[in-house]
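S.K.: The listed protein sequences correspond, in order, to chains A and B.
According to the numbering used here, the stretch in the first sequence is residues 3 to 118, in order.
According to the numbering used here, the stretch in the second sequence is residues 12 to 124, in order.
Ideal placement from N, C-alpha and C gives every residue a C-beta, glycine not left out.
Here it is: the structure, laid out below.
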Amino acid sequence: AQKVTQTQTSISVVEKTTVTMDCVYETRDSSYFLFWYKQTASGEIVFLIRQDSYKKENATVGHYSLNFQKPKSSIGLIITATQIEDSAVYFCAMRGGNNAGAKLTFGGGTRLTVRP
Amino acid sequence: GGIITQTPKFLIGQEGQKLTLKCQQNFNHDTMYWYRQDSGKGLRLIYYSITENDLQKGDLSEGYDASREKKSSFSLTVTSAQKNEMAVFLCASSIGEYNQAPLFGEGTRLSVL
């Protein structure tokens, strides 16, 4: 069975600094896909970035990047040069490549507050 | 561009009532999902469907039924609403390839009196 855990319930940082959010996962699949989403104050859920388990390079999109440590089953999200509008709840999610099929499992989320 | 439309946006029900939520997408996506989100919590998978007429139970399927009669639509039924229940139900869809991130609708907010 898949399981995704985000241990940090909330983080507060000063604007323009770098923040890392942790996520660990469990799966029996040899191939899988990891996603990070952002939920804004309005409730909108937006996809940010993806990591394929078979790729060694960490994914980067804009000021989002991932720290993928496969032996530790860990996929951290790094946001550089944070802005006030990055304040949101961030969710890590996993989708299996074979046994688990299309099932998409989410972690509990981390609330990020970026203050001036 | 496509859109995922959830109806209704707000739903108020009575205890014991059967309530149906609908989701439509015009992306021509194969896979659709229903999640429940309680206040301040994560998303829990209720049902998903990989194609028309397919249904797969998630971790929270008890107390719910789902239906995928067309590729573009996926409905969820709360079989017996629980008193004081409050949650947001989120629909998502994606193409069949597992590396593609599902996209989400805006949600249906349920309150049970």
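Along the chain, where does the beta strand (DSSP E) containing R117 of chain A start, and where does it finish?
M.R.: Translated into the one-based positions of the first sequence, residue 117 of chain A becomes position 115. Here the beta strand (DSSP E) through R117 of chain A covers T112 to R117.
S.K.: From L22 of chain B to L124 of chain B, what distance separates their C-alpha atoms?
M.R.: Here residue 22 of chain B refers to the residue found at position 11 when the second sequence is read from its first residue. Here residue 124 of chain B refers to the residue found at position 113 when the second sequence is read from its first residue. The alpha-carbon atoms of L22 of chain B and L124 of chain B are separated by roughly 11 Å.
S.K.: Report the CB separation of F100 of chain B from L87 of chain B in whole angstroms; it is logged as a contact under 8 Å.
M.R.: As a position in the second sequence, residue 100 of chain B is number 89, starting the count at 1. As a position in the second sequence, residue 87 of chain B is number 76, starting the count at 1. F100 of chain B to L87 of chain B, Cβ: 6 Å. Contact.
S.K.: For E63 of chain B, collect the residues of the same chain with a Cβ closer than 8 Å to its Cβ; drop the 5 residues on either side in sequence, then sort them by chain order.
M.R.: Here residue 63 of chain B refers to the residue found at position 52 when the second sequence is read from its first residue. R79, E80, K81 and K82, listed in sequence order.
S.K.: Any residues in the stretch 31 to 43 of chain A with a beta carbon nearer than 7 Å to a beta carbon of chain B? Which ones, in chain order?
M.R.: Within the stretch 31 to 43 of chain A, the qualifying residues are F35 and F37.
S.K.: For I80 of chain A and S91 of chain B, I'd like the C-alpha separation in whole angstroms.
M.R.: Indexing the first sequence from 1 puts residue 80 of chain A at position 78. Indexing the second sequence from 1 puts residue 91 of chain B at position 80. The alpha-carbon of I80 of chain A is positioned some 42 Å away from that of S91 of chain B.
S.K.: Could you check what DSSP says for I81 of chain A in three-state terms: helix, strand or coil?
M.R.: Sequence index remark: in the first sequence, residue 81 of chain A carries index 79 (1-based). Looking at I81 of chain A - three-state DSSP - the assignment turns out to be strand.
S.K.: Starting from the Cα of G111 of chain A, find the closest Cα among A:A3, A:Q8 and A:Q4 and give me that residue.
M.R.: Here residue 111 of chain A corresponds to residue number 109 of the first sequence, with the count starting at 1. Comparing Cα-Cα distances from G111 of chain A to each of A:A3, A:Q8 and A:Q4, the minimum goes to A:Q8.
S.K.: If you check the beta carbons only, do D24 of chain A and Q10 of chain A fall under 8 Å apart?
M.R.: Taking the first sequence and counting its residues from 1, the one referred to as residue 24 of chain A is at position 22. Taking the first sequence and counting its residues from 1, the one referred to as residue 10 of chain A is at position 8. Yes, the Cβ-Cβ distance between D24 of chain A and Q10 of chain A is below 8 Å.
S.K.: For a test of the three-state rule: what should DSSP assign to E87 of chain A, helix, strand or coil?
M.R.: Taking the first residue of the first sequence as 1, we reach residue 87 of chain A at position 85. The answer is helix: DSSP assigns E87 of chain A an H, G or I state.
S.K.: Of all Cβ atoms in chain B, is any one closer than 8 Å to the Cβ of S47 of chain A?
M.R.: For the purposes of this step, residue 47 of chain A is taken as the residue at position 45 of the first sequence. A small fix is needed here, since residue 47 of chain A is Ile in this sequence, not Ser. Yes - at least one Cβ of chain B is within 8 Å of the one on I47 of chain A.
S.K.: If you draw a straight line from the C-alpha of A90 of chain A to the C-alpha of T42 of chain B, how long is it?
M.R.: The residue given as residue 90 of chain A occupies position 88 in the first sequence. The residue given as residue 42 of chain B occupies position 31 in the second sequence. Each residue's Cα considered, the two are about 27 Å apart.
S.K.: What does R120 of chain B pair with, by DSSP beta-bridge criteria?
M.R.: Indexing the second sequence from 1 puts residue 120 of chain B at position 109. DSSP, once it has assigned bridges, lists B:F21 and B:V99 as partnering R120 of chain B.
S.K.: Going by DSSP, which residues form a beta bridge with N60 of chain A?
M.R.: Counting from 1 along the first sequence, the entry for residue 60 of chain A is found at position 58. Partner(s): none; N60 of chain A has no beta bridge.
S.K.: Starting from the beta carbon of F108 of chain A, find every residue of chain B whose beta carbon is closer than 7 Å, and list them in chain order.
M.R.: Taking the first sequence and counting its residues from 1, one reaches residue 108 of chain A at position 106. In chain order: G53 and L54.
S.K.: Per DSSP, what are the beta-bridge partners of D119 of chain A in this structure?
M.R.: Absent from the structure is residue 119 of chain A, since the part of chain A shown begins at 3 and ends at 118.
S.K.: Quick check: the Cα distance between K88 of chain A and F37 of chain A, rounded to an integer number of angstroms?
M.R.: Against the first sequence, residue 88 of chain A aligns to sequence position 86. Against the first sequence, residue 37 of chain A aligns to sequence position 35. It is worth fixing the name first, because residue 88 of chain A is Asp in this sequence and not Lys. Distance between the alpha carbons of D88 of chain A and F37 of chain A is about 17 Å.
S.K.: Expressed to the nearest angstrom, what Euclidean distance is found between the alpha-carbon atoms of Q67 of chain B and V16 of chain A?
M.R.: Mapped onto the second sequence, residue 67 of chain B falls at position 56. Mapped onto the first sequence, residue 16 of chain A falls at position 14. Looking at the two C-alpha atoms, the distance is approximately 43 Å.
S.K.: Skipping 5 residues on each side, what residues in its chain have a beta carbon closer than 6 Å to that of K18 of chain A?
M.R.: For this step, residue 18 of chain A is matched to residue 16 along the first sequence. Hits under 6 Å: A83.
S.K.: Output the boundary residues of the beta strand (DSSP E) element that contains Y75 of chain B.
M.R.: Here the question's residue 75 of chain B lines up with position 64 in the second sequence. Segment Y75 to K81, the beta strand (DSSP E) holding Y75 of chain B.
S.K.: Using the rule of at least 16 other Cβ atoms within 10 Å of the residue's Cβ for burial, across every protein chain shown, is R30 of chain A buried or exposed?
M.R.: Taking the first residue of the first sequence as position 1, residue 30 of chain A is located at position 28. It is exposed - the Cβ of R30 of chain A has fewer than 16 other Cβ atoms within 10 Å.
S.K.: When burial is assigned at 16 or more other CB atoms within 10 Å of the CB, is V63 of chain A buried or exposed?
M.R.: Here residue 63 of chain A refers to the residue found at position 61 of the first sequence. Burial state of V63 of chain A is exposed, judged by a 10 Å Cβ sphere holding fewer than 16 other Cβ atoms.
S.K.: Which residue wins for smallest C-alpha separation from E73 of chain B, given the options B:D65, B:E108 and B:Q93?
M.R.: The residue labelled residue 73 of chain B in the question sits at position 62 within the second sequence. Ranking the options by Cα distance to E73 of chain B, first place goes to B:Q93.
S.K.: Could you check whether the Cβ of G111 of chain A sits closer than 8 Å to any Cβ belonging to chain B?
M.R.: On the first sequence, position 109 is the one that residue 111 of chain A refers to. Yes, G111 of chain A lies at the interface with chain B (some Cβ there is under 8 Å from its Cβ).
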